[in-house]
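Have a look at the structure below, then the notes.
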Amino acid sequence: LIMSTLLTLNATAMTAPSVRLRQASSEKLVLNNGAKWKVDKTTDVNARNLKAILRGFNNGHGRSLAGYHKLAADLQSGLDKMIKECRMKGPDHLALHKWLEPLMDHVAKLKQTATVAAAVKSFQAVKLQLNRYDQYFEL
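Remember, the numbering used here sits 311 above the position in the sequence shown when you count from 1.
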């Protein structure tokens with residue numbers, strides 16, 4: 312009984328931070344008392360890289376379904392890098408999750424689209440969310 316209780320407590324302690332992050336990210340992103348949230352240099356560089364990937368697609372030609380799927384794969388690689396390199400903590404980090412998780416969801420939907428029309432709609436959602444970065448975050 313004691314071992315079972317300890318295992319339950321340990322499992323709860325290990326999952327609690329991720330549950331708290333997911334709960335925090337489901338709340339609406341707002342400014343930090345009227346000011347932008349602070350990010351570290353690495354996070355800012357990675358966010359700007361995501362925007363550059365999107366700009367490159369915007370400047371390209373041929374909006375085929377394969378092109379949209381490649382964009383989704385490129386954005387996912389950029390997101391993976393951002394997550395791997397993230398060292399932020401605290402309220403600024405939680406605010407970043409409120410921006411990042413919807414972006415991840417939109418990129419995943421873009422990757423799953425079956426028609427160009429659906430891809431265009433998903434692309435617009437990705438673009439809108441990505442452009443929110445500068446509204447809410449600064450170095």
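Even glycine gets a Cβ: it sits at the ideal position worked out from N, Cα and C.
Alpha-carbon spacing of residue i relative to residue j, whole angstroms
i, j, result
"Thr-366", "Lys-432", "The sequence given here has Arg at residue 366, not Thr. Whole-angstrom Cα-Cα distance: 17 Å."
"Tyr-447", "Val-341", "7 Å"
"Gly-378", "Ala-430", "10 Å"
"Val-356", "His-417", "21 Å"
"Glu-338", "Asn-370", "34 Å"
"Phe-434", "Lys-395", "24 Å"
"His-404", "Leu-386", "20 Å"
"Asp-445", "Phe-368", "19 Å"
"Ala-346", "Ile-364", "27 Å"
"Asp-391", "Met-415", "10 Å"
"Thr-424", "Asn-344", "38 Å"
"Arg-443", "Ala-358", "11 Å"
Other residues of its chain near residue i: CB distance less than 7 Å, five sequence neighbours each side excluded
i, result
"Cys-397", "Thr-354"
"Asn-360", "Gly-389"
"Ala-419", "none"
8 Å contact criterion, which residue i and residue j should meet: CB distance rounded
i, j, result
"Met-399", "Asp-351", "6 Å"
"Val-427", "Ser-375", "7 Å"
"Lys-362", "Leu-441", "6 Å"
Opposing strand residues paired with residue i [DSSP bridges]
i, result
"Trp-348", "Phe-448"
"Asn-343", "Ala-346"
Any non-hydrogen atom of the ligand COA within 7 Å of residue i CB
i, result
"Gly-378", "By its list of ligands, the structure shown contains no ligand whatsoever, and the ligand COA lies outside what it can speak to."
Residues near residue i by beta carbon distance below 8 Å, same chain, minus five either side
i, result
"Lys-422", "His-380, Ala-383, Ala-384 and Gln-387"
"Trp-348", "Leu-342, Pro-402, Asp-403, Ala-406, Leu-407, Tyr-447, Phe-448 and Glu-449"
Same chain, Cβ closer than 6 Å to residue i, neighbours up to 5 away in sequence not counted
i, result
"Pro-413", "Gln-440"
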